[in-house]
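This report refers to the structure that appears directly beneath it.
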Amino acid sequence: MSSSSDIILHHFDPSPFSEKIRVVFGFKKIAWKSCLISRIMPRPDLMPLTGGYRRTPVMQIGADIFCDTQIIIRELETRFPDPTLFPGGNAGMPWALGMWTDRPFFQSTVNLVFGSLGDKVPQDFIEDRSKLRGAKFDVAAMTAAIPQMRDQFRANVDWIEAQLAGGRPFLLGEFSLADVNAYMNVWYTRQNLPEIEDILQHLPRTSAWEKRIQAFGHGTRSEISTAEALQIGTRATPQAKLSADPNDPNGRKPGDVVSVHSDDAWQTDIRGEIVSLSAQHIAIRRRDDRAGEMVIHFPRVGFTVT
Ligand SMILES: N[C@@H](CCC(=O)N[C@@H](CS)C(=O)NCC(=O)O)C(=O)O
Numbered sequence: 003m004s005s006s007s008d009i010i011l012h013h014f015d016p017s018p019f020s021e022k023i024r025v026v027f028g029f030k031k032i033a034w035k036s037c038l039i040s041r042i043m044p045r046p047d048l049m050p051l052t053g054g055y056r057r058t059p060v061m062q063i064g065a066d067i068f069c070d071t072q073i074i075i076r077e078l079e080t081r082f083p084d085p086t087l088f089p090g091g092n093a094g095m096p097w098a099l100g101m102w103t104d105r106p107f108f109q110s111t112v113n114l115v116f117g118s119l120g121d122k123v124p125q126d127f128i129e130d131r132s133k134l135r136g137a138k139f140d141v142a143a144m145t146a147a148i149p150q151m152r153d154q155f156r157a158n159v160d161w162i163e164a165q166l167a168g169g170r171p172f173l174l175g176e177f178s179l180a181d182v183n184a185y186m187n188v189w190y191t192r193q194n195l196p197e198i199e200d201i202l203q204h205l206p207r208t209s210a211w212e213k214r215i216q217a218f219g220h221g222t223r224s225e226i227s228t229a230e231a232l233q234i235g236t237r238a239t240p241q242a243k244l245s246a247d248p249n250d251p252n253g254r255k256p257g258d259v260v261s262v263h264s265d266d267a268w269q270t271d272i273r274g275e276i277v278s279l280s281a282q283h284i285a286i287r288r289r290d291d292r293a294g295e296m297v298i299h300f301p302r303v304g305f306t307v308t
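Quick note: the sequence shown uses my numbering, first residue 3, plus one each step.
What follows is the structure, encoded as structure tokens:
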């Protein structure tokens with residue numbers, strides 16, 4: 003039986019997607035272990051655990067590894083259902099809103115942040131992210147697009163402002179996953195661009211909403227090293243249970259060997275044998291020379307299985 007202190011988050015403090023998970027830890031009052039990873043590759047103690055998945059964050063519970071914030075949040079909601087991130091039966095729309103907050107909204111946020119940082123973005127970071135994207139991480143182009151990105155950022159945040167009208171404290175009334183996802187973008191600009199206040203000062207409901215979310219904190223955090231996390235993964239046995247999806251539209255079943263890819267430019271595929279699957283998740287088993295047997299869990303939206 004696992005407890006909340008078995009939860010390890012591989013992350014780095016300035017990572018906006020990691021902030022989503024830290025906020026969920028705060029809201030659900032979870033105790034967790036923070037494993038700080040470098041902002042750029044290589045990550046030699048993490049790759050044996052993930053099989054090569056290189057986005058941040060990654061959650062580890064023993065020898066089960068959860069890649070992508072969607073599947074991390076789904077697992078946390080299952081293990082710690084109270085308080086829920088899906089109040090009032092809102093079990094679908096908050097996920098769908100993630101496709102706005104994490105993609106077009108986040109793209110304008112990232113371009114605004116890096117375009118504004120300009121020459122301060124380190125060369126090794128540019129090289130690393132160019133490799134990840136399979137295309138130049140073009141800070142000069144982002145700098146040239148700052149006026150457009152300001153407009154895009156403001157228009158997106160203005161939707162938050164509009165939704166908070168009439169004294170609504172959170173986007174759906176009660177706090178939900180929709181707030182977690184939208185908040186990431188505002189948090190990220192605040193961390194990097196003090197001048198974002200020029201835009202946000204005209205959006206007072208959003209600023210008050212940010213403070214309400216900050217007040218949840220990050221749960222109870224303690225630190226472990228990447229070497230310790232790898233050792234935990236190596237010693238543990240995966241807990242994922244065999245489970246078929248009778249309605250799988252492609253007839254996939256436990257035991258099938260598949261490759262899982264994320265649908266972004268980054269093309270690493272992670273190969274293994276299906277352990278369990280459903281409309282919203284797939285877990286595959288693989289063996290690693292260093293980590294031994296691991297089960298890696300992915301969401302379905304944003305990932306392809308071949
Ligand atoms: N869809 C992913 C996106 C995560 C993401 O893009 N994270 C950024 C950092 S905040 C990243 O992976 N950057 C490259 C890296 O850390 O190697 C998720 O929801 O977890």
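The C-beta atom is built at its ideal place from N, Cα and C for all residues, glycine as well.
For clarity, every value in this text was computed on a predicted model and none was experimentally measured.
At a cut-off of 4 residues, the continuous stretches assigned as alpha helix (DSSP H) that sit fully inside the region 59-84 are 71-81. Under the three-state reduction of DSSP output, V112 falls in the helix class. Unbroken beta strand (DSSP E) runs of no fewer than 3 residues, entirely contained in the region 167-243, are found at 222-226, following chain order. Under DSSP, I284 forms a beta bridge with L279 and F300. In this structure, D130 and M186 do not form a Cβ contact; the two beta carbons are roughly 21 Å apart against a cut-off of 8 Å. Uninterrupted alpha helix (DSSP H) stretches at least 4 residues long and entirely within the region 120-172 occur at 125-135, 141-146 and 148-165, given in chain order. Taking non-hydrogen atoms of ligand 1 into account, the C-beta of P18 is found less than 7 Å away from one of them. Within the same chain, Cβ atoms closer than 8 Å to the Cβ of L244 are found at P256, V277 and S278, the five residues on either side in sequence being excluded. About 20 Å separates the beta carbon of R302 from that of M296, a gap too long to meet the 8 Å contact definition.
Ligand 1 has no heavy atom closer than 7 Å to the beta-carbon of R76.
Annotation: P124 to S40 spans about 14 Å, alpha carbon to alpha carbon. The Cβ atoms of N183 and T52 lie no closer than 8 Å to each other. Going by C-alpha positions, D66 is about 16 Å away from V262. Per DSSP, reduced to three states, the secondary structure at G253 is coil, with no helix or strand assignment. By the Cβ-count criterion, D153 is exposed, with fewer than 16 other Cβ atoms from all chains shown falling within 10 Å of its own Cβ. In the three-state DSSP reduction, D290 falls in the strand class (E or B). Per the DSSP secondary-structure output, K22 pairs with nothing in a beta bridge. Straight-line spacing of the CA atoms in G274 and I226 works out to 28 Å. When C-alpha distances from L179 are compared across T306, T222, S17 and T71, the shortest belongs to T71. Taking A157 as reference, the option from L174, F107, V141 and K31 with the minimal CA-CA separation is F107. At least 8 Å separates the beta-carbon of T191 from that of F139.
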